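Q: For the record, the sequence lines run as chains C and W.
So the first sequence is numbered by the working numbering: it starts at 3 and just counts up by one.
So the second sequence is numbered by the working numbering: it starts at 1005 and just counts up by one.
We put the beta carbon where it would ideally sit given N, CA and C, even for glycine.
Treat the numbers as computed from the prediction; the structure is a model and nothing was measured.
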Amino acid sequence: MSQNFEINRANKGNIDFIKIKGYLDAHTAQVLERTIEELVKDGRVKIVVNFRDLEYISSAGLGVFMVFIEEIRNGGGDIKLVELKPKVFTVFDLLGFPMLFDILQHEEEALHKFQTN
Amino acid sequence: MSQHKYIIGTLSVPAMTDVLWEVREFVSNCAAKSGFDEQQTNYIVLAVDEICANIARHAKEKNASKEIIVSVSVEESQFVVTIEDNALPFNPLDVPSPNMVDYFRTFRNGGLGIHIVRTVMDNILYTPSASHSGYNALTLRKRLPVA
């Protein structure tokens, strides 16, 4: 039994939603990196990543968000992270990622923040 | 003084990132069997994943002649994971731990794997291949939970 990783994309107006599922490690992180890279190339910089179905993340996964966050914020956008399971949030928290990233409970909060800022 | 060593298991995999999940499942089972709770088990799994991912990157992927051998044992009151590889020697302990405030302020990237390992494990020892029969060895230790 392998540990897979899947991405689903959707958008509402100028906000993009990326749902990630499974295991995000040094092997699968490149899939997420390509997805965000495509959005940024198209000038789509308001991104909500939904972690509801993500079971695991390693530093390679955390690194994907570091690759793009500066460019995205310089472009007037943000990457907001929502619905992290406690075991996944723990990895972000271990390294202090909540200092830099907006980590929220629900997609609606992220949507509201994008719409009001 | 004699040391009691109980071997829990050994796993060999090619030094490639697409088999990291196998290493995680193996280490997870070993740590859970040794009495660690879910959070501590997850930390140990993460630390081993980070080390193996580093080795796979330095082995130049898709070179199946390079392998990683993960051995898990209990020595005295410690859970011990030894990760051996026949890729080019690379001492992850040479990577300095970043100051995370500066790291985020300057939007840096990379170098977090070994920082995680240092954070969650009690002790790390690296022995390059020259002094260890053709295989580099990295040994991670964590005190067993008190029963």
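So does the segment 1014-1033 of chain W actually touch the segment 91-100 of chain C, counting three or more Cβ pairs closer than 8 Å?
A: Contact fails: fewer than three Cβ-Cβ distances are below 8 Å.
Q: Mapping the DSSP letters down to three states, classify residue 1154 of chain W as helix, strand or coil.
A: Past the edges of chain W, shown from 1005 to 1151, lies residue 1154 of chain W, and the structure says nothing about it.
Q: By the 10 Å Cβ neighbour count, where 16 or more other Cβ atoms means buried, how is residue 108 of chain C classified, buried or exposed?
A: Residue 108 of chain C is exposed by the Cβ-count criterion.
Q: Could you tell me which residues DSSP puts in a beta bridge with residue 1083 of chain W?
A: Per DSSP, W:1078, W:1146.
Q: Measuring only the C-alpha atoms, how far is residue 1109 of chain W from residue 1009 of chain W?
A: Between residue 1109 of chain W and residue 1009 of chain W, the C-alpha separation is close to 45 Å.
Q: By DSSP's criteria, residue 25 of chain C is part of a beta bridge. Which residues make up the other side?
A: Paired residue(s): C:58.
Q: Tell me the rounded alpha-carbon separation between residue 1056 of chain W and residue 118 of chain C.
A: Distance between the alpha carbons of residue 1056 of chain W and residue 118 of chain C is about 44 Å.
Q: Give the DSSP bridge partners of residue 19 of chain C, in chain order.
A: C:12, C:50.
Q: Where do the N-terminal and C-terminal ends of the beta strand (DSSP E) with residue 88 of chain C fall, by residue?
A: Element bounds for residue 88 of chain C: not the beta strand (DSSP E) but the alpha helix (DSSP H), 88-96.
Q: Is the segment 1088-1103 of chain W touching the segment 48-56 of chain C in the sense that three or more CB pairs, one from each, lie closer than 8 Å?
A: No: the two stretches stay apart, fewer than three of their Cβ pairs being nearer than 8 Å.
Q: Skipping 5 residues on each side, what residues in its chain have a beta carbon closer than 6 Å to that of residue 1131 of chain W?
A: Cβ within range, chain order: 1141.
Q: What does DSSP give as the partner residues of residue 105 of chain C in its beta bridges?
A: Answer is C:83.
Q: Cβ of residue 1144 of chain W within 7 Å of Cβ of residue 1125 of chain W?
A: Taking 7 Å as the Cβ cut-off, residue 1144 of chain W and residue 1125 of chain W qualify as a contacting pair.
Q: Indicate the three-state DSSP secondary structure (helix, strand or coil) for residue 1014 of chain W in the structure shown.
A: Of the three classes helix, strand and coil, the one that applies to residue 1014 of chain W here is strand, per DSSP.
Q: According to a CB-to-CB cut-off of less than 9 Å, which residues of the segment 1035-1066 of chain W neighbour chain C?
A: Residues passing the 9 Å Cβ filter: 1042, 1043, 1046, 1047, 1049, 1050, 1053, 1054, 1056, 1057, 1058, 1060, 1061.
Q: Give every residue of the same chain whose Cβ lies closer than 8 Å to the Cβ of residue 1005 of chain W, excluding the five residues on either side of it in the sequence, and list them in chain order.
A: The predicted position of residue 1005 of chain W is uncertain, since its pLDDT is 48 and thus under 50; a value taken from the coordinates is nonetheless stated next. Hits under 8 Å: none found.
Q: Do you know offhand how far residue 105 of chain C's Cα is from residue 1118 of chain W's?
A: So the alpha carbons of these two residues sit roughly 24 Å apart.
Q: Whose Cβ in chain C lies nearer than 8 Å to the Cβ of residue 1022 of chain W?
A: Neighbours of residue 1022 of chain W on chain C, chain order: 29.
Q: Could you work out which residues of chain W lie near residue 38 of chain C, taking near to mean beta carbons separated by less than 8 Å?
A: The premise fails here: residue 38 of chain C is roughly 13 Å from chain W at the closest Cβ pair, so nothing lies under 8 Å.
Q: What are the boundary residues of the alpha helix (DSSP H) that includes residue 1119 of chain W?
A: Here the alpha helix (DSSP H) through residue 1119 of chain W covers 1116-1124.
Q: Here's a check: name, in chain order, each residue in its chain whose Cβ is nearer than 6 Å to the Cβ of residue 1072 of chain W, leaving out the five neighbours to either side.
A: The answer, listed in chain order, is 1017, 1019, 1056, 1059, 1089.
Q: Is there a C-beta anywhere in chain W that falls below 7 Å from the one on residue 42 of chain C?
A: Chain W, which has no Cβ nearer than 7 Å to the Cβ of residue 42 of chain C, makes this no.
Q: Return helix, strand or coil for residue 1140 of chain W, following the three-state DSSP convention.
A: Residue 1140 of chain W falls in the strand class under three-state DSSP.
Q: Who are the neighbours of residue 1030 of chain W on chain C, taking C-beta pairs under 8 Å?
A: Neighbours of residue 1030 of chain W on chain C: none; closest Cβ ~12 Å, over 8 Å.
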